[in-house]
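Just so we're aligned, residue 35 is where the sequence shown starts under this note's numbering, counting upward by one. First the structure, in the form of structure tokens, and then the observations on it.
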Amino acid sequence: MSDVVRVGLVGVGIIAKTHLEVLAERSEVALDFTVDPDHSRAPAFRGGEPPHYSGLADALAEHSPDLVVIATPTDTHAELAVQALTLSGARVLVEKPLVHDLPSLARLRALEEAVDVRGRLFTAYHFAFSPEVRWAARQLAAHPEWGPVTGITSAFYDPYVLRREQAVASYTSSWMDSGVNQLSMLARFVDLTALDSARSLDGGASAWCTASYRSRGTVGTARLRSSWLTGYSSKESALTFGRSGVELWIDHTAMTGFAARDGELLATHGDDGATPRKIAHYRPLYASLLSGSPDPVLGFATAETITEIHHTKPAPSPVSGGPG
Ligand SMILES: NC(=O)c1ccc[n+]([C@@H]2O[C@H](COP(=O)([O-])OP(=O)(O)OC[C@H]3O[C@@H](n4cnc5c(N)ncnc54)[C@H](O)[C@@H]3O)[C@@H](O)[C@H]2O)c1
């Protein structure tokens, strides 16, 4: 990218606020334009207000951004990503999940003949950048003697019980929203291979899924629980290393973690409370994206793997249906 990174932001809803806050911190970034049909003007950025459009195509007819950020409802990502890739030469950062179904992934792959999809398209798997997740990944790398990860349990609860309609409109279902966060977080620790079972519960507001993975030459199972049926946010994951008896707990809400074996505390990670959680995710995400060598977790290959696992319809069994 050039010295100045001209950014076009598509969608100025809830998560766009975090993008704007982190982008405003970066001296090389200039906000070129914003797009949102439901807003008549751009949000303030460093005290100014960039040109605002109701459609991405209109904006790209007037501007040549270096980066287009798509932060719109999940089922609009694919169409807007195609527009950004074909109507501009910009890199494109799409909020997670990259797409809402497998035909949309095929549509992006089909662009590869004409467009450098792998060099230009990135997905904002922000959970993979959360401080406790990066700490845990460093622990794994530093302790090969712990052996393979033999089991994972992850529970993500979001407080959408009182605004379920809005949650469905923006995020589709608990599995569509949190399931993809869980899979992208796990991609830091293990090689995901398949979704083995998937139950959509409570009309899509909850899910219970199991995914298999490889870790240091062995296979294991991750149990993934997600739900919107709560007034409070709570997200935790536990990794077990059965051969060594080590357990590693990470609390994604408090951004903390610890490792233990029997009665012995092996390692801890605390948070200084200085950085709001979403900023703590997106600050390192943007630092990586704009570094010139983005973390592979942001790249199209990771998005392909996660999307395919996320949308697998496991064979029916007495206890499994399809994810909602
Ligand atoms: N809210 C979060 O905490 C969060 C965190 C990480 C990722 N995300 C992801 O970000 C995406 C957006 O979530 P949100 O919470 O900001 O939703 P939101 O509903 O608050 O905001 C989406 C915005 O996009 C606008 N929009 C809709 N169609 C558009 C179009 N064609 N062109 C331009 N703008 C359009 C809407 O008017 C709205 O202002 C979702 O895919 C979600 O999974 C959200």
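The C-beta atom is built at its ideal place from N, Cα and C for all residues, glycine as well.
Within the same chain, and ignoring the five residues on either side of V149 in sequence, the residues whose Cβ sits closer than 7 Å to its Cβ are L119, T120. A distance of 8 Å or more separates the beta carbons of A78 and V102. Scanning S204, F163, P107 for the CA closest to the CA of Q216 turns up F163.
Remark: the C-beta of K130 is in contact range of ligand 1, defined as less than 7 Å to any heavy atom. DSSP places S61 in no alpha helix (DSSP H); its state is neither H nor E.
For L220, no pairing in a beta bridge is given by DSSP. Using a cutoff of 7 Å, the CB of V44 counts as near ligand 1, since one of the ligand's heavy atoms is closer than that. Inter-residue distance for H73 and D66 is about 17 Å (C-alpha atoms, whole angstroms). Contact annotation, L258 with C243: C-beta distance approximately 5 Å; criterion of less than 8 Å satisfied. Counting other Cβ atoms within 10 Å of its Cβ, A95 stays below 16 and is therefore classed as exposed. Three or more Cβ pairs closer than 8 Å define a contact, and the segment 131–150 falls short of that threshold against the segment 246–257. In the DSSP assignment, K269 falls within the beta strand (DSSP E) that extends over 268–275. Within its own chain, no residue has a Cβ closer than 6 Å to the Cβ of A321 once the five positions on either side in sequence are excluded. Within the chosen limit of 7 Å, ligand 1 does not reach the beta carbon of I313 with any heavy atom.
If you look at S249, you'll find it in the beta strand (DSSP E) that goes 240–249. For P71, the shortest separation between its Cβ and any heavy atom of ligand 1 lies below 7 Å. Remark: the C-beta of T106 is in contact range of ligand 1, defined as less than 7 Å to any heavy atom.
Relative to ligand 1, I48 has its C-beta within less than 7 Å of a heavy atom. Within the segment 268–338, the runs of alpha helix (DSSP H) that reach at least 4 residues and sit entirely inside it are, in chain order, 311–323. A contact between stretches requires three or more CB pairs, one per stretch, nearer than 8 Å, and the segment 299–307 fails this requirement with the segment 104–114.
Between F161 and H315 a beta carbon distance of about 7 Å is seen, short of the 8 Å cut, so the two are scored as contacting.
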